[in-house]
Amino acid sequence: MKRFDHLTTRERRQSLQHVIELAPDPETISLFAYGSLIWRPCFEVQSKCKAMLHGYRRDLCVYTVEARGTSGNPGLGLGLRVDSGFCEGVLLLLPEDGRSEALTSIWEREMLTAVYQPKWVSVEVDSKITTALTFVVDEFHPQCAGNLSEETQAVMIRSAVGELGSCRDYLVNTIDALRSAKIQDGLLERLLRRVNNKTIE
1 MKRFDHLTTR ERRQSLQHVI ELAPDPETIS LFAYGSLIWR PCFEVQSKCK
51 AMLHGYRRDL CVYTVEARGT SGNPGLGLGL RVDSGFCEGV LLLLPEDGRS
101 EALTSIWERE MLTAVYQPKW VSVEVDSKIT TALTFVVDEF HPQCAGNLSE
151 ETQAVMIRSA VGELGSCRDY LVNTIDALRS AKIQDGLLER LLRRVNNKTI
201 E
């Protein structure tokens with residue numbers, strides 16, 4: 001599997017500018033985090049709380065051939081996919097001072113390629129609705145792995161290692177971060193058990 005085309009600095013900057021122009025309130029921006037941004041944010045978080053996003057689900061559906069895998073042994077990263085259910089995550093409030101720098105850092109990390117589509121969504125926090133920024137998978141991008149079986153996911157996650165470490169550690173850290181936020185993702189936890197059980201493939 002070859003490496004996927006990176007966005008240019010100009011393309012990334014234009015994408016960020018377009019999203020900011022669509023922001024309901026550019027002075028107060030929150031990010032709905034559902035994966036590694038929960039446990040490894042790339043900016044100073046002003047505050048955080050548990051949140052629920054309806055109409056999407058968390059899925060290990062993004063090929064990673066740099067951060068948590070290689071071209072010869074790709075791993076899998078998390079993405080949001082349209083679904084009839086919901087996804088529980090953590091709402092991260094960007095700092096008032098340094099908001100622009102925070103957004104730039106987020107774009108440099110999440111928008112390395114165009115597999116993610118930044119989107120403003122409505123999330124539920126304590127029975128109240130608020131708007132947040134999140135990243136949804138482009139199902140037609142070649143980096144989107146699509147609907148993989150749990151067995152295939154486990155095999156890939158078990159062996160893949162990239163520039164930021166192993167894909168298994170990525171999964172473990174995400175599960176731990178979700179638990180710390182009082183979120184239980186039964187599918188991820190079941191997948192980890194399969195990853196740890198080498199006799200199941």
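Just so you know, we're using the working numbering here: the sequence shown kicks off at 1 and counts up by one.
The C-beta atom is built at its ideal place from N, Cα and C for all residues, glycine as well.
Q) What are the residues that DSSP puts in a beta bridge with M52? A) E88 and E124
Q.
Report the start-end ranges of each beta strand (DSSP E) in the segment 57-116 that is 3 residues or longer and not cut off at the edges.
A. 75-93
Q.
Between the segment 83-91 and the segment 15-26, can you find at least three pairs of beta-carbon atoms closer than 8 Å?
A. Too few Cβ pairs lie closer than 8 Å, so no.
Q: Please confirm whether A132 and I38 have their CB atoms less than 8 Å apart.
A: no
Q.
Can you tell me which residues form a DSSP beta bridge with S47?
A. L93
Q: Return yes when the Cβ of T64 is within less than 8 Å of the Cβ of L80, no when it is not.
A: No, they are not a contact pair.
**Q.** Pair within 8 Å by beta-carbon distance, M111 and R12
**A.** yes
Q) Between L31 and A114, is the Cβ-Cβ spacing less than 8 Å? A) no
Q | Proximity to S71 [Cα-Cα], best of Q117, E163 and A177 | A | Per the Cα distances, E163.
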